[in-house]
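Counted from 1, the sequence shown has number 186 at position 186 by the UniProt record's numbering; the numbering is strictly sequential. These notes concern the structure reproduced below.
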Amino acid sequence: MASIFISEELEARGFLHDRSSSLEIQGESFVPGPSFHKSWRQTAIEFCEEACTKGVKYILVEFPTYLMTWRCRQAALPTQAQSLHSSKSEEKLSTSLESLKVTPATQKPPQKRVPSTPPEMATQQALELANDDEEFISQCKQELAIHIGPMADFMIKQTLNQSSEMSHQELIEALAIHIADHNAALSFRRACYSFNGIHLL
């Protein structure tokens, strides 16, 4: 189960010093991961749980307008020891921060979010995303992996599951919101739009 913390509580207790660089909790160091719109809450929780099964510990921090994942700076855990280690880590973190407000992980399913059209687009051309358009999806996944790592495949699948009908534009914008750094997100969008001959100003 993913641990979810409130940013104001972490800041008040001195655990969160700089949103863009690192988070220190009881000797454990965390670095920023993908961010999620609040309507994608369940997807963010599933992202953390999926990472845990692969030996990577994530926590969620809820900011006023979005959710941010934070990855623990530690080596990947051996598969056989993963379950036991995760349970002990969760227990230790819960004990040390028992008075800290933690939001229950059980939430209602996320609502579909239709990304707004970026103002800097050079064209409003609608590009239909066919179910067999594997080449474009593969290109987007490779580009996304540059910014969020191996969880790019997970994010692609979750995004496509949100809607059976998406244009290229909608897919690009939906994926871009998971990149925390603004400049990195812009770089991702430019690269993906260029696959279709569209160039952002």
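Heads up, the beta-carbon is just placed ideally off N, CA and C, and yes, glycines get one too. This structure is a prediction, so every number in the text was calculated from the model and none was measured.
Asked, Found
"Beta-carbon contacts of P34 that lie in its chain and below 6 Å, excluding the five residues immediately before and after", "T69, I148, H178"
"C-beta atoms of F136 and H168 nearer than 8 Å", "yes"
"Expected contact under 8 Å - CB spacing of F36 and L10 to nearest Å", "Contact doesn't hold; Cβ gap of about 17 Å is too wide."
"Buried versus exposed call for Q142 [16 or more other C-beta atoms within 10 Å across all chains shown]", "exposed"
"CB-CB length for L60 against S138, believed under 8 Å", "Going by Cβ atoms, the distance from L60 to S138 rounds to 29 Å, so no, they are not a contact pair."
"Euclidean distance between Cα positions of I172 and E46", "21 Å"
"Exposure of V56, with buried meaning 16 or more beta-carbon neighbours within 10 Å", "buried"
"From E28, M151, A174, residue whose alpha carbon lies closest to that of L160", "A174"
"Endpoints, the alpha helix (DSSP H) within which M155 is located", "152-162"
"Whole-number beta carbon distance between E50 and F195, since they are thought to touch under 8 Å", "27 Å between Cβ atoms; not a contact."
"Buried versus exposed call for T43 [16 or more other C-beta atoms within 10 Å across all chains shown]", "buried"
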